[in-house]
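Undergrad: Position one of the first sequence corresponds to residue 2 (my numbering), numbered consecutively onward.
The structure is given below, and queries will be raised subsequently.
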Amino acid sequence: MNFELTAISDNSRARAGILTTGHGKIETPIFMPVGTAGSVKGIHTRDLKEDIHAQIILGNTYHLYLRPGIEIIEKAGGLHKFNRWDKPILTDSGGFQVFSLGDIRKLSEEGARFQSHIDGSYHMFTPENVIDIQRSIGADIIMAFDECTPGNADFDYAKKSLELTQRWLERCFVQFRNTQPKYGYEQSLFPIIQGNTFPELRRLAVSHVKTFDADGYAIGGLSVGEPEQVMYEMTEVVTADLPPNKPRYLMGVGTPVNILEAIDRGIDMFDCVMPTRNGRNGMLFTSEGTINIRNQKWENDHSPIDENGTSYVDQYSKAYLRHLIVSKEMLGAQIASQHNLAFYLWLVKTARQKIINGEFVGWKREMVEKLNRRL
RNA sequence: GGGGAGUUACCAGAGUGGCCAAAUGGGGUAGACUGUAAAUCUAUUGGCGAUGCCUUCGGUGGUUCGAAUCCAUCACUCCCCA
């Protein structure tokens, strides 16, 4: 995998680059739609590619391991073949699920023992088998197995947790280097930088992670309950110390404003469930602000969902989409998700263009102001 | 024509003397959602000058300190038999 920096913004750490993988190039900054169980909920791969212009999507180790199961994905020839997405895929390791599953899991030095949320059965994830599973899924970018701490963790817990994540990371890399890709194209393992809300822990985490000379680095444990300002501060602390010639991935972020602020601080890659989940729940992100399409005021508004939108679904009227969402018609969730994803991809693509043109800082300031509006 | 059951808030439907402005579900309104246990969850849903007050449980008139709840009567709905 190769990363080439194309441009760096003036008066900002914002960067534009090109990431080359076994399934093609990714222009950064990029937003990666989340396809947990092997599908971006409600969206066909054709729309993902041709309308939304997604360049890479996510899958999830935990979910795919439980269902359909790794043997079936291997039999299919890997996730790309299984879900008919021939562009890059990134899989998360399951570390976040171990965090969000709360009391049905138990951590130890060895790994995480957890119960399936589907049938209650017991399973064990270790750094080693999480790498093996991700080899079988066959994503282009795979993630280290980490512990994600809640935003309000205290220093001692954050420190101990970070140290566990670091020991797990070493085991991840040993396993990664002792195994081969299964489907004939290269895979890259990204470490995850933890350290919660403590700058000194974050700095320690960065220096540890750099020793692996990975193809890219991820920042985890943010947007998990801490104030947004803290998230930005931690992002700054981390990107300041990361090597400039490798992509940086801020995991799980975020709102359109979060994304612009993080690009400004030197982040290249993002993923978030917001455009799809919030879309299903009636929230639309547009360049003029956010819309709760369920609100009564759209009941008889026959103007397009987003006049400036790039997706063909943006031509549906607000009144029609409101009707679909309120009626719980599945098409409503599909249209809203597609609109939001197209908007997110438009946002990062435009940011890239502005960085290259040297106009990022001013453009970002104006966009943030508009994006904060509620329509 | 005879016998029986019923009428409760936007809808359905509990409640059968005080703890009832009235359970529960639906619908309505608003909010939340950040590496997806989410096509989910939460709040609110008679009026108001609002830790209280006013009007409400088919209509009217009673009994009672007190009635959605008991009695009388009228209206309407449904079921069974002719």
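Glycine residues also receive a C-beta, built at the ideal position from the N, C-alpha and C atoms.
Helix, strand or coil, according to DSSP, for GLY23 in the structure here?
TA: coil
Undergrad: Which residue from LEU165, THR62 and ASN130 puts its Cα closest to that of ILE142?
TA: THR62
Undergrad: Is the CB-CB distance between GLY43 and THR287 below 8 Å?
TA: no
Undergrad: Ignoring anything shorter than 4 residues or poking outside the stretch 145 to 202, list the alpha helix (DSSP H) runs there in chain order.
TA: 156 to 178
Undergrad: Please classify MET33 as buried or exposed, where buried requires at least 16 other C-beta atoms within 10 Å of its C-beta.
TA: Label assigned to MET33: buried.
Undergrad: At which residue ranges does the stretch 271 to 350 contain complete beta strand (DSSP E) runs of 3 or more residues, listed in the order of the chain?
TA: 284 to 287 and 290 to 293
Undergrad: Does the distance from the C-beta atom of PHE146 to that of GLY221 stay below 8 Å?
TA: no
Undergrad: My parser needs the beta strand (DSSP E) runs of 3 or more residues fully inside the stretch 206 to 239; what are they?
TA: 218 to 220
Undergrad: Taking the continuous beta strand (DSSP E) assigned at ASN3, which residues delimit it?
TA: Element bounds for ASN3: 3 to 9.
Undergrad: Between the Cα of MET2 and those of ILE132, GLN188 and VAL231, spot the shortest distance and give me the residue it belongs to.
TA: GLN188
Undergrad: Within the same chain, show all residues whose beta-carbon is closer than 8 Å to that of PRO305, passing over the 5 residues directly before and after it, in chain order.
TA: ASP315, GLN316, TYR317, SER318 and LYS319
Undergrad: Does the distance from the C-beta atom of ARG136 to that of LYS183 stay below 8 Å?
TA: yes
Undergrad: The beta strand (DSSP E) with ASN61 in it runs from where to where?
TA: 58 to 61
Undergrad: May I ask you to report which of helix, strand or coil DSSP gives MET368?
TA: helix
Undergrad: Can LEU285 and ASN341 be called in contact, C-beta distance under 8 Å?
TA: yes
Undergrad: Taking VAL207 as the reference, give the member of GLU229, MET235 and GLU227 with the closest Cα.
TA: When only C-alpha atoms are compared, the closest one is MET235.
Undergrad: Whole angstroms are fine: how far does the CA of ASP87 sit from the CA of ASP157?
TA: 44 Å
Undergrad: Thinking C-alpha only, which one of GLY267, PRO248 and CYS273 is nearest GLY255?
TA: CYS273
Undergrad: Compute the beta-carbon to beta-carbon distance between THR92 and ALA140, rounded to the nearest angstrom, for a pair I have assumed lies under 8 Å.
TA: About 4 Å separates the beta carbons of THR92 and ALA140, which is inside the 8 Å limit, making them a contact pair.
Undergrad: For GLY290 and GLN335, I'd like the C-alpha separation in whole angstroms.
TA: 20 Å
Undergrad: Throw me the rounded Cβ distance for the ILE292 and LEU348 pair, which I believe falls under 8 Å.
TA: About 16 Å separates the two Cβ atoms, so there is no contact after all.
Undergrad: Whole angstroms are fine: how far does the CA of GLU5 sit from the CA of THR22?
TA: Looking at the two C-alpha atoms, the distance is approximately 12 Å.
Undergrad: How would you label GLY359, buried or exposed, when you count the other beta carbons within 10 angstroms and need 16 or more for buried?
TA: exposed
Undergrad: What's the call for GLY36, buried or exposed, on a 16-neighbour Cβ count within 10 Å?
TA: buried
Undergrad: Leaving out five residues before and five after ARG295 in sequence, what residues of the same chain have Cβ atoms less than 8 Å from its Cβ?
TA: GLY283, ARG323, ILE326 and VAL327
Undergrad: Pick helix, strand or coil for ILE53, following the three-state DSSP scheme.
TA: coil
Undergrad: Excluding five sequence neighbours on each side, which residues of the same chain lie with their C-beta closer than 6 Å to the C-beta of VAL362?
TA: ASN12 and SER13
Undergrad: According to DSSP, VAL35 sits in a beta bridge with which residue or residues?
TA: DSSP, once it has assigned bridges, lists LEU59 as partnering VAL35.
Undergrad: What does the alpha-carbon distance come out to for the pair SER40 and GLY60?
TA: 8 Å
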